[in-house]
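Remarks on the structure that follows.
Residue numbers (this note's numbering): 4 to 441.
Below is the structure:
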């Protein structure tokens with residue numbers, strides 16, 4: 004019982020500290036708090052007893068931390084699909100995904116076929132300056148063979164502190180000799196606002212039709228850098244007399260709510276953008292602010308069944324404020340907000356659903372398990388602009404998109420993109436109806 008007693012003492016101390024930090028209560032509230040403390044104690048006793056029995060009686064050796072982490076993960080995932088526990092070993096990877104930046108050299112690697120081959124090199128990165136090329140096979144990292152390494156394991160070796168060199172052994176295409184190249188890592192920021200195609204120097208081309216002055220930008224997901232990226236792209240296009248723009252949010256899984264709010268504000272002169280509220284989160288709404296708004300050009304937003312979360316915030320804000328036409332498919336329907344809570348002084352993380360967000364018309368677009376197609380969830384395309392694509396069409400679209408992302412020649416499309424065709428047609432008609440200027 005020693006383990007159980009120790010755990011209970013620690014848990015009771017935590018419970019007591021929590022209630023001691025609460026404001027002074029009246030008699031009724033005080034009784035409720037006492038009942039809650041008693042219930043918490045009994046539940047913690049149950050947990051401690053189960054922990055002790057597993058630790059003492061399980062047939063094999065038990066890692067106690069693994070047990071506790073599994074219990075936390077079980078609690079989180081029991082709540083909803085979006086809450087989770089992030090163990091210390093995964094925190095760095097999680098932060099890299101959220102920020103889309105890390106200390107690296109700037110390459111995409113293909114790990115299929117038994118080789119670790121460079122698929123593409125990002126322009127302006129250390130790898131680009133060091134002369135690494137697509138097709139180079141990486142056979143050594145810091146004098147250690149890469150034989151048997153997975154693509155993920157190689158990535159972990161290449162990532163490290165900015166300013167620290169990494170020694171690569173590479174074999175060029177058509178050669179059997181190993182060439183050694185030193186590359187100094189630096190902070191790599193993955194672009195989240197990309198174009199339809201690349202220029203000869205591998206930079207992005209954001210013109211959909213330069214002659215008609217129609218722009219195109221695809222937001223891959225929303226990070227802290229995305230608003231600034233989009234601002235720069237739009238300013239560049241606007242200086243060249245931009246007449247209309249396609250904002251492609253297809254297969255964008257979301258990201259930071261704050262980024263979606265900032266971008267919505269760039270397109271809106273006034274009006275509500277979004278509001279959030281939760282059991283422990285006071286209701287808060289965001290309004291568009293006048294000034295620093297993009298020119299009032301026509302905007303077509305492309306969405307599909309995989310556009311989620313922050314993508315839906317932006318789509319709904321522009322739709323409800325009559326600022327854009329929404330083209331494509333009904334969106335995913337993720338209208339909940341996750342807050343990242345740092346545990347153990349940041350050593351581990353708890354990603355917890357703390358609120359729901361509501362579009363300007365007051366509807367929460369979240370799709371629960373019991374909802375039906377006729378229920379009100381997600382963001383629907385504007386009337387007359389819904390186009391559902393087949394799995395084969397989506398597979399072809401993704402293949403072409405990924406090839407361009409990696410700096411490769413895009414395959415010939417097997418079909419016309421109906422969403423993009425509709426967007427071009429709509430933007431062209433909007434241009435034709437604009438009043439003439441002298």
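Glycine included, every Cβ here is placed at the ideal spot set by N, Cα and C.
No experiment lies behind these values; they were computed from the predicted model shown.
Alpha-carbon to alpha-carbon, residue j and residue i
i, j, result
"residue 85", "residue 253", "20 Å"
"residue 399", "residue 416", "7 Å"
"residue 161", "residue 294", "43 Å"
"residue 140", "residue 199", "29 Å"
"residue 382", "residue 278", "16 Å"
"residue 167", "residue 96", "19 Å"
"residue 107", "residue 143", "16 Å"
"residue 269", "residue 296", "5 Å"
"residue 429", "residue 267", "21 Å"
"residue 182", "residue 176", "12 Å"
"residue 41", "residue 49", "13 Å"
"residue 285", "residue 359", "11 Å"
"residue 211", "residue 125", "22 Å"
"residue 311", "residue 218", "23 Å"
"residue 388", "residue 155", "40 Å"
"residue 385", "residue 98", "36 Å"
"residue 79", "residue 213", "49 Å"
"residue 159", "residue 260", "29 Å"
"residue 66", "residue 273", "56 Å"
"residue 283", "residue 172", "54 Å"
"residue 313", "residue 341", "11 Å"
"residue 232", "residue 71", "41 Å"
"residue 407", "residue 262", "25 Å"
"residue 111", "residue 316", "30 Å"
"residue 64", "residue 73", "16 Å"
"residue 356", "residue 375", "23 Å"
"residue 201", "residue 343", "36 Å"
"residue 52", "residue 348", "27 Å"
"residue 203", "residue 237", "21 Å"
Strand pairing of residue i, partner residues [DSSP]
i, result
"residue 322", "Its beta-bridge partners do not exist; DSSP assigns none."
"residue 168", "187"
"residue 245", "Note: residue 245 sits in no beta bridge, so no partner."
"residue 181", "174"
"residue 106", "190"
"residue 289", "277"
"residue 140", "120 and 174"
"residue 147", "144"
"residue 212", "217"
"residue 340", "358"
"residue 303", "249 and 328"
"residue 200", "208"
"residue 258", "225"
"residue 111", "123"
For residue j and residue i, believed in contact at Cβ under 8 Å, the rounded distance
i, j, result
"residue 303", "residue 320", "15 Å between Cβ atoms; not a contact."
"residue 276", "residue 299", "Actually they do not touch by this definition, with Cβ atoms about 17 Å apart."
"residue 226", "residue 257", "Going by Cβ atoms, the distance from residue 226 to residue 257 rounds to 11 Å, so no, they are not a contact pair."
"residue 330", "residue 305", "5 Å"
"residue 91", "residue 350", "5 Å"
"residue 103", "residue 234", "About 17 Å; that fails the 8 Å criterion."
"residue 76", "residue 60", "About 22 Å; that fails the 8 Å criterion."
"residue 362", "residue 333", "So it is not a contact: roughly 14 Å between Cβ atoms."
"residue 215", "residue 431", "7 Å"
"residue 197", "residue 223", "6 Å"
"residue 369", "residue 380", "6 Å"
Exposure of residue i, with buried meaning 16 or more beta-carbon neighbours within 10 Å
i, result
"residue 100", "exposed"
"residue 324", "buried"
"residue 440", "For residue 440, the predicted structure reports a pLDDT of 46, less than 50, and the residue's modelled location is therefore unreliable. The matter cannot be settled from this model."
"residue 205", "exposed"
"residue 395", "exposed"
"residue 153", "exposed"
"residue 335", "buried"
"residue 337", "buried"
"residue 115", "exposed"
"residue 339", "buried"
"residue 251", "buried"
"residue 255", "buried"
"residue 230", "buried"
"residue 402", "exposed"
"residue 301", "buried"
"residue 322", "buried"
"residue 220", "buried"
"residue 57", "exposed"
Margin query: With three or more C-beta pairs closer than 8 Å as the rule, is the segment 418-430 touching the segment 126-142?
Written below: No, the segment 126-142 does not touch the segment 418-430.
Item checked: Validate contact between the segment 118-127 and the segment 140-149 using beta carbons, cut 8 Å, 3 pairs -> Cβ pair count under 8 Å is three or more, so yes.
Check: Counting pairs of Cβ atoms below 8 Å between the segment 123-133 and the segment 179-192, do you hit three or more?
Finding: Counting Cβ pairs under 8 Å, three or more are found: they touch.
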